[in-house]
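These notes are about the structure you will find just below.
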Amino acid sequence: MLFTETFSEFYEKFKTSLSDGTFAKLTFAKTIGQAELKNIFIRPVLDENELKLELKFRFQQEELFEIHSVDSAFDRLLPFINNPFLSVILFTTEFDLTYKLNKKRAVSVTEQAPTFGNASEVLLEYLNKK
Numbered sequence: 001m002l003f004t005e006t007f008s009e010f011y012e013k014f015k016t017s018l019s020d021g022t023f024a025k026l027t028f029a030k031t032i033g034q035a036e037l038k039n040i041f042i043r044p045v046l047d048e049n050e051l052k053l054e055l056k057f058r059f060q061q062e063e064l065f066e067i068h069s070v071d072s073a074f075d076r077l078l079p080f081i082n083n084p085f086l087s088v089i090l091f092t093t094e095f096d097l098t099y100k101l102n103k104k105r106a107v108s109v110t111e112q113a114p115t116f117g118n119a120s121e122v123l124l125e126y127l128n129k130k
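In the numbering used here, the protein residues as written are 1 to 130.
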């Protein structure tokens with residue numbers, strides 16, 4: 001099952017947090033079973049003064065890094081929803097947003113108080129140069 005529509009709405013909130021300078025962290029967590037891939041961490045990076053995303057794939061024995069544009073990262077990350085990840089957490093300075101699949105694979109998105117008080121330094125540096 002593809003979660004394109006629901007994850008797309010969630011990803012738009014992520015993109016908004018990038019543009020308004022409140023983004024702190026994005027994490028794929030809570031895998032199904034004993035998956036080799038443990039987490040995916042997404043953070044902004046500057047590549048020739050352009051804002052891009054570093055995707056860090058953390059496996060049991062190694063870490064792999066990929067750089068993507070903000071838009072192309074969506075297509076790279078979407079297949080990992082439900083295979084193997086059941087939750088994605090967006091941390092911003094205004095709120096934490098959790099995208100979660102239950103056992104029946106129904107999607108819920110919940111908002112909580114922010115965990116982080118400061119936005120990504122790379123993002124703030126980029127926005128200050130604009």
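The C-beta atom is built at its ideal place from N, Cα and C for all residues, glycine as well. Owing to the predicted nature of the structure, the values given are computational and were not obtained by experimental measurement.
- prompt: Can we say the region 36-55 touches the region 70-78, given the rule of at least three CB pairs closer than 8 Å?
  reply: yes
- prompt: Span of the alpha helix (DSSP H) holding Leu124?
  reply: Glu121 to Lys129
query: So, are the CB atoms of Leu51 and Tyr99 less than 8 Å apart?
result: no
message: For Val122 and Leu46, what's the separation of their Cα atoms in angstroms?
response: 7 Å
message: Using 8 Å as the threshold, is the C-beta distance between Ile40 and Leu86 below it?
response: no
field: Assumed close pair Leu18, Pro44 - CB separation to whole angstroms, cut-off 8 Å
entry: 7 Å
field: Nearest candidate by alpha-carbon position, reference Lys15, set Ser72, Glu111 and Leu37
entry: Ser72
message: Short of 7 Å in beta carbon distance, which residues of its chain neighbour Glu36, apart from the five on each side in sequence? Order them along the chain.
response: Phe59 and Gln60
task: Using 10 angstroms around the beta-carbon of Ile42, count the other beta-carbons present and answer buried if the total reaches 16, otherwise exposed.
output: buried
- prompt: Does the separation of the CB atoms of Ala113 and Phe23 fall below 8 Å?
  reply: no
field: Spatial distance of Lys13 from Glu62 (CA atoms)
entry: 30 Å
- prompt: Once you ignore the five residues that flank His68 on each side, which residues in its own chain have a CB closer than 7 Å to its CB?
  reply: Lys52, Leu53, Leu55 and Arg76
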